[in-house]
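Shown next, in structure tokens, is the structure this report addresses.
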Amino acid sequence: MRRAGLVILVCLLCAQAGAATSAVADTEPAPLVILWAVDGLEPSAVSPATMPGVSSLVAGTDPDAPTHTWRNTRGVMVAETYPNHAAMLTGADGLGSGILGNTIWDGSRFRDVSAADLEAETLFDTLAAERPEVDTAIAVGDPKIDDLFRDEPYDMRWDPRHAKFTLPIAGYPLDSEVTSAVLGQIEDGADFVFVNTQMVDTFGHLSGPRASTTRQAMREVDRQIGRLIGALRTMGEWDRTLLFVTSDHGMEATPRRFLLPLALLAQGDTGWKADTHGGTALLAKPGATPAEAAAVAERLHRWSAVSEAHATGGPLDAAHPDWRLDGPRAGNVVLTARPGHQLVGFDFMGWLATGTHGGPGALDHWLMLTGGSPMIVPGDDSVHTAGNRDLAPTIASIFGVPAPAQGSGRILSEAVAPEV
Ligand SMILES: [Zn+2]
Numbered sequence: 002m003r004r005a006g007l008v009i010l011v012c013l014l015c016a017q018a019g020a021a022t023s024a025v026a027d028t029e030p031a032p033l034v035i036l037w038a039v040d041g042l043e044p045s046a047v048s049p050a051t052m053p054g055v056s057s058l059v060a061g062t063d064p065d066a067p068t069h070t071w072r073n074t075r076g077v078m079v080a081e082t083y084p085n086h087a088a089m090l091t092g093a094d095g096l097g098s099g100i101l102g103n104t105i106w107d108g109s110r111f112r113d114v115s116a117a118d119l120e121a122e123t124l125f126d127t128l129a130a131e132r133p134e135v136d137t138a139i140a141v142g143d144p145k146i147d148d149l150f151r152d153e154p155y156d157m158r159w160d161p162r163h164a165k166f167t168l169p170i171a172g173y174p175l176d177s178e179v180t181s182a183v184l185g186q187i188e189d190g191a192d193f194v195f196v197n198t199q200m201v202d203t204f205g206h207l208s209g210p211r212a213s214t215t216r217q218a219m220r221e222v223d224r225q226i227g228r229l230i231g232a233l234r235t236m237g238e239w240d241r242t243l244l245f246v247t248s249d250h251g252m253e254a255t256p257r258r259f260l261l262p263l264a265l266l267a268q269g270d271t272g273w274k275a276d277t278h279g280g281t282a283l284l285a286k287p288g289a290t291p292a293e294a295a296a297v298a299e300r301l302h303r304w305s306a307v308s309e310a311h312a313t314g315g316p317l318d319a320a321h322p323d324w325r326l327d328g329p330r331a332g333n334v335v336l337t338a339r340p341g342h343q344l345v346g347f348d349f350m351g352w353l354a355t356g357t358h359g360g361p362g363a364l365d366h367w368l369m370l371t372g373g374s375p376m377i378v379p380g381d382d383s384v385h386t387a388g389n390r391d392l393a394p395t396i397a398s399i400f401g402v403p404a405p406a407q408g409s410g411r412i413l414s415e416a417v418a419p420e421v
């Protein structure tokens, strides 16, 4: 609507002033950037059979849809939903954003992260401050992601709790519902939309990343991405579109379960709280000393399902400085599971799941950029490593604003050329 008004106004000015050339140059449409996170999409499971539309874009069969895909990707630890969605919007890893995991240690217990825990500036902040005329929107299928960003200064929000069609029990809106919401926001003038769809993650957890139900969910989100692209073309928006399709994390098949609280009991380590995240677990005990934490880590490392165990407060950072997890919010000890295993507590979902994320094996995620914008440099990229932290600085650069301040990602200049 806003753009239509602008075009009419500029046309009137052109007619009156007769300065057609410069006025038309000034009406170069603003970019339309859509960041779509397909939750839990395991990159190695993407194929022409599971995601025909996306695969065809990657193959470069459509000359009007230049596409850049990365083969080497890296999300942030803990390789799960909220740290990686925070990374997309802040450009920061767990220590930088404050969102280390889906839950964090607050000194007395592990609790779900909330908007108050987000310590870094987001893309919504920089766009609102630097280019308030850019209309921003959020449409996410996970109410907890919606909650995490509820204090951000976006212009439009779709509430996933008000969806017409949701998946029974899980309660997440169907991907088609989210897509309809996104299309509505673009019709209302959105220039940047942050999207999350949940179905691939839900079925990946339930039955594993390569199960037939998960493949059906992949085909459905592929259809919805195609529906969005088709609609953008019909709406005349395609030529200004840059569509990032990413996943927050991969998904590992983990048929074997390791009951962490029972292991602690067997070791005689009482008073410890275990917070399991599938491929990773955080442990904490109020008042635990570094020596106590080191001893617990050493004992847990002897179990065959545990691949690594490090105390926080130095040892974890020394072993894995790139994980950027060694802070008070991670508790006293961090564990990772061997491939094929998941670390579980006494929670129903952990026992039901046969696919999981959280560990280093789920850091590799899907990432592609497509659209009709002349800014896109196509390529099937096995040279550069890209990841969720790079999206905020890259999108900021597309809009010509500074990257969010606490970010550590880079601008994906191999895929986005300066505006011509
Ligand atoms: Zn996720």
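Residue numbers for the sequence shown follow the numbering used here, so the first one is 2 and each next one is one higher.
No residue lacks a Cβ here, since even glycine has one placed at the ideal position from N, Cα and C.
Quiz item: Is any heavy atom in ligand 1 found nearer than 7 Å to the beta carbon of residue 41?
Solution: Position 40 of the sequence shown, counted from the first residue, corresponds to residue 41. With a cutoff of 7 Å, residue 41 counts as near ligand 1, since its C-beta is closer than that to a heavy atom of the ligand.
Quiz item: Does any heavy atom of ligand 1 sit closer than 7 Å to the C-beta of residue 202?
Solution: Looking up residue 202 in the sequence shown gives position 201. Here the distance from the Cβ of residue 202 to the nearest heavy atom of ligand 1 is below 7 Å.
Practice problem: Could you check what DSSP says for residue 259 in three-state terms: helix, strand or coil? | Solution: The residue labelled residue 259 in the question sits at position 258 within the sequence shown. Here DSSP, grouped into helix, strand and coil, assigns residue 259 to strand.
Quiz item: Can you list, in chain order, the residues of its chain whose CB lies under 7 Å from that of residue 402, leaving out five sequence neighbours each side?
Solution: Position 401 of the sequence shown, counted from the start, is the residue given in the question as residue 402. When the five nearest sequence neighbours on each side are left out, the beta carbons in the same chain lying within less than 7 Å of the beta carbon of residue 402 are those of 127, 128, 131, 132, in order along the chain.
Practice problem: Just confirm the distance between the C-beta atoms of residue 418 and residue 376, as a whole number of angstroms; I'd bet it's less than 8 Å. | Solution: Counted from its first residue, the sequence shown places residue 418 at position 417. Counted from its first residue, the sequence shown places residue 376 at position 375. The pair is a contact, with the Cβ atoms about 5 Å apart (cut-off 8 Å).
Exercise. Could you tell me if the beta carbon of residue 81 falls within a distance shorter than 7 Å of some heavy atom in ligand 1?
Key: As a first step, residue 81 is located in the sequence shown; it is residue number 80 there, counting from the start. At a cut-off of 7 Å, the beta-carbon of residue 81 counts as near ligand 1: some heavy atom of the ligand is closer than that.
Quiz item: When the Cα atoms are used, what is the spatial distance from residue 110 to residue 274?
Solution: By one-based count along the sequence shown, residue 110 stands at place 109. By one-based count along the sequence shown, residue 274 stands at place 273. Answer to the nearest angstrom: the Cα atoms are 8 Å apart.
Quiz item: Sorry if obvious, but does the Cβ on residue 249 come closer than 7 Å to a heavy atom of ligand 1?
Solution: Sequence index remark: in the sequence shown, residue 249 carries index 248 (1-based). Yes, the Cβ of residue 249 comes within 7 Å of a heavy atom of ligand 1.
Quiz item: Ordered along the chain, which non-local residues of its own chain (more than five positions away) have a Cβ less than 7 Å from that of residue 277?
Solution: The residue labelled residue 277 in the question sits at position 276 within the sequence shown. A distance below 7 Å between beta-carbons, with the five flanking residues on each side excluded, links residue 277 to the following residues of its chain, in chain order: 261, 344, 345, 346, 351.
Exercise. Please report the residue range of the beta strand (DSSP E) in which residue 383 lies.
Key: For the purposes of this step, residue 383 is taken as the residue at position 382 of the sequence shown. Boundaries of the beta strand (DSSP E) around residue 383: 380-387.
Exercise. Please report how far the alpha carbon of residue 121 lies from the alpha carbon of residue 154, in whole angstroms.
Key: Position 120 of the sequence shown, counting from 1, holds the residue named residue 121. Position 153 of the sequence shown, counting from 1, holds the residue named residue 154. Those two C-alpha atoms are separated by around 14 Å.
Quiz item: Do residue 249 and residue 366 come within 8 Å of each other at the CB atom, strictly closer than that value?
Solution: The count along the sequence shown starts at 1 and reaches residue 366 at position 365. The count along the sequence shown starts at 1 and reaches residue 249 at position 248. Their beta carbons are under 8 Å apart, which means residue 366 touches residue 249 by this criterion.
Practice problem: Measure the Cβ-Cβ separation of residue 124 and residue 96 and say whether it is below 8 Å. | Solution: Residue 124 sits at position 123 when you count from the first residue of the sequence shown. Residue 96 sits at position 95 when you count from the first residue of the sequence shown. Their beta carbons are not under 8 Å apart, which means residue 124 does not touch residue 96 by this criterion.
Self-check item: Residue closest to residue 192, alpha-carbon to alpha-carbon, out of 225, 156, 256
Solution: What you label residue 192 is simply residue 191 of the sequence shown in a count that begins at 1. Ranking 225, 156, 256 by CA distance to the CA of residue 192 puts 156 first.
Quiz item: So is residue 388 buried or exposed if we call it buried at 16+ other beta carbons inside 10 Å?
Solution: Counted from its first residue, the sequence shown places residue 388 at position 387. Residue burial annotation: residue 388 is buried, with at least 16 other C-beta atoms found within 10 angstroms of its C-beta.
Quiz prompt | Close-in-space but distant-in-sequence residues of the same chain around residue 35 (CB under 6 Å, 5 per side omitted) | solution = Residue numbering aside, residue 35 sits at position 34 when the sequence shown is read from its first letter. The answer, listed in chain order, is 194, 244.
Quiz prompt | Buried versus exposed, by CB contacts within 10 Å (16 or more), residue 163 | solution = For the purposes of this step, residue 163 is identified with residue 162 of the sequence shown, where counting begins at 1. Per the 10 Å Cβ criterion, exposed.
Quiz item: Which residue from 294, 247, 263 puts its Cα closest to that of residue 370?
Solution: Numbered from its first residue, the sequence shown carries residue 370 at position 369. When only C-alpha atoms are compared, the closest one is 247.
Quiz prompt | residue 43 versus 254, 331, 65, residue with shortest Cα-Cα distance | solution = Taking the first residue of the sequence shown as 1, we reach residue 43 at position 42. Among 254, 331, 65, the Cα nearest to that of residue 43 is on 254.
Self-check item: Segment contact, 8 Å Cβ cut-off, at least three pairs: the stretch 324-344 with the stretch 223-232
Solution: By the Cβ rule, the stretch 324-344 does not count as touching the stretch 223-232, because fewer than three pairs are nearer than 8 Å.
Quiz item: Going straight from the alpha carbon of residue 271 to that of residue 294, what length do you get?
Solution: Counting from 1 along the sequence shown, the entry for residue 271 is found at position 270. Counting from 1 along the sequence shown, the entry for residue 294 is found at position 293. Distance between the alpha carbons of residue 271 and residue 294 is about 12 Å.
Self-check item: Proximity to residue 181 [Cα-Cα], best of 280, 394, 159
Solution: As a working mapping, residue 181 is identified with position 180 in the sequence shown. Ranking 280, 394, 159 by Cα distance to residue 181 puts 159 first.
Quiz item: Taking DSSP as the reference, what is the three-state secondary structure of residue 193?
Solution: Translated into the one-based positions of the sequence shown, residue 193 becomes position 192. DSSP, read as helix, strand or coil, puts residue 193 in strand.
Quiz item: What span of residues does the alpha helix (DSSP H) with residue 157 cover, start to end?
Solution: In the sequence shown, counting from the first residue as 1, residue 157 sits at position 156. Following the DSSP letters along the chain, one finds residue 157 in no alpha helix (DSSP H) but inside the beta strand (DSSP E) bounded by residues 157-159.
Quiz prompt | Run of the beta strand (DSSP E) containing residue 221, from where it starts to where it stops | solution = As a first step, residue 221 must be located in the sequence shown, where it is residue number 220. It is not in any beta strand (DSSP E) - residue 221 instead sits in the alpha helix (DSSP H) that spans 213-235.
Quiz prompt | DSSP three-state assignment for residue 274, whether helix, strand or coil | solution = In the sequence shown, residue 274 corresponds to position 273, counting from 1. Strand at residue 274.
Self-check item: Beta-carbon gap between residue 385 and residue 71 smaller than 8 Å
Solution: One-based indexing of the sequence shown puts residue 385 at position 384. One-based indexing of the sequence shown puts residue 71 at position 70. Their beta carbons are under 8 Å apart, which means residue 385 touches residue 71 by this criterion.
Quiz item: So what does residue 242 bridge to, in DSSP terms?
Solution: By one-based count along the sequence shown, residue 242 stands at place 241. Beta-bridge partners of residue 242 (DSSP): 33.
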